[in-house]
Structures are given as structure tokens and as C-alpha cells.
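Each remark here refers to the structure printed beneath this line.
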DNA sequence: CATATTTGTAACCATTATAGTTACAAATAT
DNA sequence: ATATTTGTAACTATAATGGTTACAAATATG
């Protein structure tokens, strides 16, 4: 997932929805994120597929949260977006080499554990936490 | 750093060096990794700049470890390679929006903490651990 | 000293991922 | 009906990456 901004954009959008009484259009979200509405639709459609948000087309349509923001854990958002593992194994080490032929397993174990710790950390925060942090921030 | 294989390649190369009595050429390392020698030189030059390995040009030259493999912590290798943060903030949220104008700080805190946990996990293992894992692996 | 070996590095290409953009169909509220 | 809004395909521009070629510089050895 690395360099992708989708995770940050998703949290931004969810936080906006958490702070809003009614639904928000892709246009409105895109304006706050400063990007194109299509980028928002693309990003949000994954969250919708996993039941975090709903959308309604047409006049007075837009996006809204399905669950209260206290129940939207950042780890879940991260996992929905999926994407590459943060640490990736190199493609095709030489199987005829005693090191190259056996390094993938050990590496995979170490990389998986590290990623699990990263996700565990994201599991400590919800969209509600982000919103309350923002409200504590002086402008 | 995400999708990049440089971290995995570096650990692979360091593990090869740990298992070798003499120096190894970029050619030999590249053969085990299955890539081009220039890719190895590029990757290793960063490790050399940080004192993990040395290189010598010319006949019977090549790469060798500076420290024993028990003292090469994977977190240090990871940090040397540097690159992007694993979780990246989106570029330019709208500063006139009460959410967009304040979301960067809270996000940065959460992302930094998660990355620290990832690196802490990598801090638990050394190149010697990888080599010993490999030696336990049945071929 | 001549030669073979090996790193150092610049330059370039191909591939891939991403964000951004345009365009338009379909759905919806009024 | 009409205006609004999502859904989605298609395309472009940009950037990162790995791979490759080419050649200079350094080094060991006979």
C-alpha cells in the first residue's frame, strides 16, 4: 500500500462524515481532501463494499456512515484497502543456492510479524478518536 | 518503501555474507538473488555508507561484513534504506475546511506510532537470526 | 608492467502504480 | 421534467522501481 494516499484519504472522508449530520457528496468530500470527486468515489466504494458507508445517487444523495465513528477502527479501514504488504519479499531468489532457496520462509515470518504489529497499533484508534483529536487542535 | 524489494534484497545479501568465509562479488550475490549485479551495487552502497559492509574493487575484491551478523539488526537495515513512510499523508487537504485544516497532525501521530511499532518488531531480529532460521529449514 | 577482475556510476528503458481527469449512463428527489 | 448525484470506463501524466548497457577506475597477480 505504501506510497498510496488512499488510507489517509479514507480516514479523512470518514472523519468528515463523522462530523456531519447529513450525507456528504463526493464533491464536498473531494473539496476538503483537495482532489477529484472520482478519486473519492473510487476510494469509498471499497469501504461501502465492506459495510462502513452507504451511498445514494441522485439529488440529496451522497455518502453516510453506517456505524457510529467509535466503532470504526483504523485497522479495519487499513485492511479493507488491502494492497501490497508493507514489506515485500523479492521475487525469485535462486533455488539452487542454499541461502536463496530457503530465505523466503524466514523472511515472510519476520515481515508478517512486523506488519501485524503495525496493524495492532492502528487497532488502537477509531474515527471518533481522530475527530476528537482534531477538535482539540487549535486552529 | 512499500513495494520495494530493496529491504528483502539487502537482508538476503547480508545473510549470504554472513554465511561466507571470504568476500562475495556483486555477481555472486546477484546470482543468488536472481537480479543484475548493478542492482546489488546500488543497494549495498547505502549499507556501506552506514558502515555495515565494505567493498573492494579489482581482482579478488567484493563485499564483506564489517560487524558480526549478531550485531546487524534488521531495523537498522530498514532505516538505512529509508524511503517513504509506510503510511503516507495525503498531500494538500483544504486548509479552509475545519477538518481538512487540522487533520494532518493527528494523522501523523497515529501513522508515526504505527511505523514505530513495525520497526520495533524488526528490532527483534538480526542477520544471524535469519541465517539460523535458514539453517533450520529443511531443503 | 600487462592483464584480468571487480567495483562505481551514469544513462537509459520497460513496467507498474497512482492520482487526476473527462465523459456519460443510471438513479433519485422535487 | 429537471437538476442532482453516484457508477464506471477510459485515458493521461507522473513517479518509482528494477533491469540493462557501457565504461572508467581500482586492484591483485603473474
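Protein chains in written order, with my numbering: chain A, 55 to 193; chain B, 55 to 193.
Quick reminder that beta carbons are idealized off the backbone N, C-alpha and C, glycines included.
Of all alpha-carbon atoms in 84(B), 187(B) and 102(B), the one lying nearest the alpha-carbon of residue 130(B) is that of 102(B).
From the listed residues 150(A), 190(A), 136(A) and 149(A), the smallest Cα separation to residue 157(B) is found for 190(A). A Cβ-Cβ separation of about 10 Å leaves residue 73(A) out of contact with residue 119(A) under the 8 Å criterion. Sequence-ordered contacts of the region 142–153 of chain B with chain A read 142, 143, 144, 145, 146, 147, 148, 151, 152 and 153 [C-beta pairs closer than 8 Å].
Here residue 104(B) is exposed. Its C-beta has fewer than 16 other C-beta atoms within 10 Å. Rounded to the nearest whole angstrom, the C-alpha separation of residue 99(B) and residue 110(A) is 54 Å. By the Cβ criterion, the region 150–168 of chain B is not in contact with the region 58–67 of chain B, since fewer than three pairs of Cβ atoms, one from each stretch, lie closer than 8 Å.
Around the beta-carbon of residue 115(A), fewer than 16 other beta-carbon atoms lie within 10 Å, marking it exposed. The region 86–129 of chain A contains, as complete alpha helix (DSSP H) runs of 4+ residues, the segments 91–103 (chain order). In the DSSP assignment, residue 166(B) falls within the alpha helix (DSSP H) that extends over 158–176. Cβ neighbours of residue 132(B) within its own chain (closer than 8 Å, five residues either side excluded): 55, 61, 173 and 176. Listed along chain A are 142, 143, 144 and 145, each with a C-beta nearer than 8 Å to that of residue 59(B).
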